[in-house]
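Asker:
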Amino acid sequence: MRWTQTFIPTMKETPEGAEIPSHVLMLRAGFINQVMAGAYTYLPLGLRALKKAERIVREEMDRAGAVELLMPALTPLSLWERSGRREAFGNVLIQFQVRRQNREVQMALGPTHEEVITDLVAHHISSYRQLPITLYQVQNKYRNEERPRFGVLRTSEFLMKDAYSFDTSLDGLNTSYQRMYDAYCRIFERSGLSYIAVEAESGPIGGDASHEFMVLAENGEDIVVTCADCGYAANQERADTGDRAAQPPDDDAAKLTKVDTPGARTIEEVCRLLKCQPRQMIKTLIYLVDDRPTAVLIRGDHEANEAKLRRALGATSVELAPPETIEKVTRAPVGFAGPVGLELPIWADHDVAGIGDAVVGGNEADKHLTAARLSRDFQVENFADLRHAGEGDPCPRCSGNLALRRAIEVGHVFKLGTKYTDVLDAKFLDDQEQLHSIIMGCYGIGVNRILAGLVETSHDDAGIIWPLSLAPYEILLAPLKISDDEVRQTAERLHDQLQNAGVDVLLDDRDVRPGVKFKDADLIGIPLRVVIGQRGLAQGQLEIKWRTENEAGTIPLEGAAETLVSMLEQAKCSGDSS
RNA sequence: CGGGGCGUAGCUCAGCUUGGCUAGAGCGCUGCGUUCGGGACGCAGAGGUCGAAGGUUCAAAUCCUUUCGCCCCGACCA
């Protein structure tokens, strides 16, 4: 491809509003263009990179025995009502109606396709002889994100590979799941991403029913918890914490005392006023658990984990109570809730038990209590692990300590069980003529996020550094002075030879100064740059430079195409992008 | 949905506090010339409903009201 014949609008300055590297660089390098918040055009370079990622995904899905199909993005709203997810998705589901002759047809743009595929399988699969099967597609998904952000990292329309496995037994599901898990590892390795697989929120099946594939990156939206000693890794939403030695309560029994804390509603304010540490305080959070007010006690320096709370209480919905409710049940303004004398079910995190004499809210305006003691001054109905794992917490698997890292979720594998097959009536007859629900798994990859994750973790001050596997072009030819006949003809001959050899080659045939070509070359990040200049040609040489290296080298002009092809071959074999 | 920031040329921004002449700069773009191995220089140009609507005023990019859009933090995210 010739630069002057394609469309690569690079930018010297960072557009207003772009902050994180992947967004800034993909905009500046002419890969994407924003159409509105959460919707981007993929320009020619961006599309080529996206197609490369897509191809890797397809190859590994096919290799794992999954079969590709294509479902419509347009879906009947009734399907979402049947599964109950019209309500579960709420505003995220993009719904609309259109008129057809004399009736209104209600539709939704698919945010994911469990319902559509399960309905398909329900109609066409009825025997164990047709199972197992794993089906997949690569398709745009639509979610009305409350807050799209970070360039292509979180958008309302995005390209997703979604696969669904259908099995007759849990063992079968485990096999299908493992096959997808392994395929995911190969996909992310081939994409040149450094990723980790972490345990994720697993829903009804429990156990190791869900893993997320994470790219560690400063600007990631998720937080993962890792243990350097044993390799334990989990999403913070789900991460367990190890046992912590409980502090024996101080036996010099201090008496429960009411103190004035005017206007001190937050942990910090109370600590400043009473000169105590957050870890000596108990936060009393009032939650609506399936619409029932419930008090949850968390140590002052910890944070409540609503997913754990939901699981521990076996609830379907958990949300912080509105101020009116808090004021009603505590008979105090928000900020002064405490467990002493509170007439609500009280749950507490394990670590609350080790505080000893604690500072708690007084259930009265501008009052707190000091030296509040568990069992003497207040009772707790149940203890559970209800808090987020924190930096330095004990590992649940070994004696190590946990570390927190930010990460980008690029893939998610999930054992669904019969959640959808039950409600959508997807059943099979086994060899004993017994009817069972088909057992399902689902497996998603955000294809755009492969690119964003790569750029986020592979760039320098000058621009993007693409691996060969995802680069829009493998080789960039930079003839420094296009008006020189020898330079131009050499470049064009080389371009044609490489193209005929099946190499993705881009020829920068613009009549611009060398500096412009070098800057743009670094910015768009093509892995191998070949400079064709009068100086080198006089010595029968071409300058070559890998984007990852600081120093340039030379190769003889004679047989240059063959040399370059074998260099690429070698790099593909030795690199992690095989 | 709560908090904060920003909308002036294709891009980055100045001008607004304290209303006033033909609305500016750099980059980019067009033409000519000189240049040509890390974003060159000179000359001449094109390009604007100052996000939109309403109001105050002799006069609004500038002051007031409303509204739309974009970005960030938080909440939310099968």
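Numbering of the first sequence is given in my numbering, commencing with residue 333 and proceeding in unit increments. Just so it is clear, CB atoms sit at the ideal spot from N, CA and C, and this is done for glycine as well. All values derive from a computational prediction rather than experimental measurement.
1) Distance, Cα to Cα, Thr558 vs Ala565?
2) Rounded to whole angstroms, what's the CA-CA distance from Leu344 to Asp792? Just pull it up for me.
3) State the DSSP-derived secondary structure class of Ser906, mapped to helix, strand or coil.
4) When DSSP labels each residue in this structure, what does Lys383 get in the three-state scheme?
5) Please tell me whether, using a cut-off of 7 Å, the distance from the CB of Ile528 to the nearest non-hydrogen atom of the ligand NAP is below it.
6) Taking a contact to mean a Cβ-Cβ separation below 8 Å, would you say Ile426 touches Leu441 in this structure?
7) From this set, Thr450, Asn365, Asp561, which residue's C-alpha is nearest Pro728's C-alpha?
8) Look at the alpha carbon of Phe520 and the alpha carbon of Glu818, and state the distance between them as a whole number of angstroms.
9) Out of curiosity, what's the CA-to-CA distance linking Glu696 and Glu569?
10) Going by C-alpha distance, which of Arg486, Thr822, Leu588 is nearest Pro888?
11) Report, in whole angstroms, the separation of the C-beta atoms of Tyr474 and Ala495, which I expect to be a contact under 8 Å.
12) Taking the alpha-carbon positions, what's the Gly397 to Pro480 distance?
13) Is Asn882 buried or exposed, if buried means 16 or more other CB atoms sit within 10 Å of its CB?
14) For Phe545 versus Tyr509, is the C-beta spacing smaller than 8 Å?
15) Which word fits Leu401, buried or exposed, when buried means at least 16 other C-beta atoms lie within 10 angstroms of its C-beta?
16) In the DSSP output, which residue or residues are listed as bridge partners for Ser542?
17) Below 8 Å, can you find three or more Cβ-Cβ pairs linking the region 484-499 to the region 521-535?
18) By DSSP, does Tyr551 sit in helix, in strand, or in coil?
19) I'd like to check one pair, Thr616 with Val692: are the Cβ atoms closer than 8 Å?
20) For the pair the region 714-723 and the region 676-683, tell me if three or more CB-CB distances fall below 8 Å.
21) Check whether the Cβ atoms of Leu809 and Ile864 lie closer than 8 Å to each other.
22) Can you name, in chain order, every residue of its own chain whose Cβ lies under 7 Å from the Cβ of Val602, other than the five neighbours on each side?
23) Over the uninterrupted alpha helix (DSSP H) stretch that includes Thr573, give me the two end residues.
24) Taking the alpha carbon of Ala585 as the reference point, which residue from Ser649, Leu620, Ala704, Leu767 has its own alpha carbon closest?
25) For Ile630, which residues in the same chain have their Cβ closer than 6 Å to its Cβ, ignoring the five residues on either side in sequence?
26) Under the assumption that Tyr775 contacts Met512 (Cβ atoms under 8 Å), give the Cβ distance between them as a whole number of angstroms.
27) Where does Phe339 fall in DSSP's three states?
28) For the 8 Å Cβ check, are there 3 or more pairs between the region 453-463 and the region 420-434?
29) Is the beta carbon of Glu659 closer than 8 Å to that of Val666?
30) On the premise that Ile771 lies in contact with Leu502, defined as a C-beta separation below 8 Å, what is that separation, rounded to the nearest angstrom?
31) In angstroms, rounded to a whole number, what distance separates the CA positions of Phe339 and Ile807?
32) Measure the C-alpha to C-alpha separation of Glu788 and Pro846 and round it to an integer number of angstroms.
33) Can you tell me whether DSSP reads Ser501 as helix, strand or coil?
34) Looking at Thr450: is its Cβ nearer than 8 Å to the Cβ of Leu756?
35) For Val835, which residues in the same chain have their Cβ closer than 8 Å to its Cβ, ignoring the five residues on either side in sequence?
36) With C-beta atoms as the reference, is Trp335 less than 8 Å away from Asp828?
Answerer: Looking at the atomic coordinates:
1) Linking Thr558 to Ala565 through their CA atoms gives a straight-line distance of about 4 Å.
2) Reading the sequence as shown, one finds Lys at residue 344 and not Leu. Spanning the two alpha carbons is a distance of roughly 15 Å.
3) Shown here, Ser906 sits in a helix according to DSSP, grouped into three states.
4) Lys383 falls in the helix class under three-state DSSP.
5) The ligand NAP is not among the ligands present in this structure, which contains no ligands whatsoever.
6) In contact: Ile426 and Leu441 (Cβ atoms closer than 8 Å).
7) Ranked by Cα distance from Pro728, the options Thr450, Asn365, Asp561 are led by Asp561.
8) Between Phe520 and Glu818, the C-alpha separation is close to 43 Å.
9) Glu696 and Glu569 have their C-alpha atoms some 33 Å from each other.
10) The residue with the shortest Cα to Cα distance from Pro888 is Thr822.
11) Contact doesn't hold; Cβ gap of about 19 Å is too wide.
12) Those two C-alpha atoms are separated by around 34 Å.
13) Under this definition Asn882 is an exposed residue.
14) Contact: no.
15) By the neighbour-count rule (16 or more Cβ atoms within 10 Å), Leu401 is not buried but exposed.
16) Beta-bridge analysis with DSSP links Ser542 to Phe746.
17) When C-beta atoms of the region 484-499 are compared with those of the region 521-535, fewer than three pairs fall below 8 Å, so the two segments do not count as touching.
18) Checking the displayed sequence, the identity of residue 551 turns out to be Asn instead of Tyr. DSSP places Asn551 in coil when its eight states are reduced to three.
19) Yes, these two residues count as a Cβ contact at 8 Å.
20) With a cut-off of 8 Å on Cβ pairs, the region 714-723 is in contact with the region 676-683, counting three or more such pairs.
21) Taking 8 Å as the Cβ cut-off, Leu809 and Ile864 qualify as a contacting pair.
22) Cβ within range, chain order: Thr593, Ala596, Met613, Val691, His700.
23) First-last for Thr573: undefined, no H or E at that position.
24) Among Ser649, Leu620, Ala704, Leu767, the Cα nearest to that of Ala585 is on Ala704.
25) So the list reads Lys615, Ala636, Asp681, Arg719, once near-sequence residues are dropped.
26) About 5 Å separates the two Cβ atoms, so the contact holds.
27) Phe339: coil per DSSP, three-state reduction.
28) Output reads no: the region 420-434 does not touch the region 453-463.
29) Judged by their CB atoms, Val666 and Glu659 are nearer to each other than the 8 Å cut-off.
30) Distance from Leu502 to Ile771 at the Cβ level is roughly 6 Å; contact confirmed, criterion being Cβ atoms closer than 8 Å.
31) If you draw a straight line from the Cα of Phe339 to the Cα of Ile807, it comes to about 17 Å.
32) The straight-line gap from Cα to Cα measures roughly 28 Å.
33) In this structure, Ser501 counts as coil in the three-state DSSP scheme.
34) Going by C-beta atoms, Thr450 is nearer than 8 Å to Leu756.
35) Glu806, Ile807, Leu896, Val897, Leu900.
36) In this structure, the beta-carbon distance from Trp335 to Asp828 does not fall below 8 Å.
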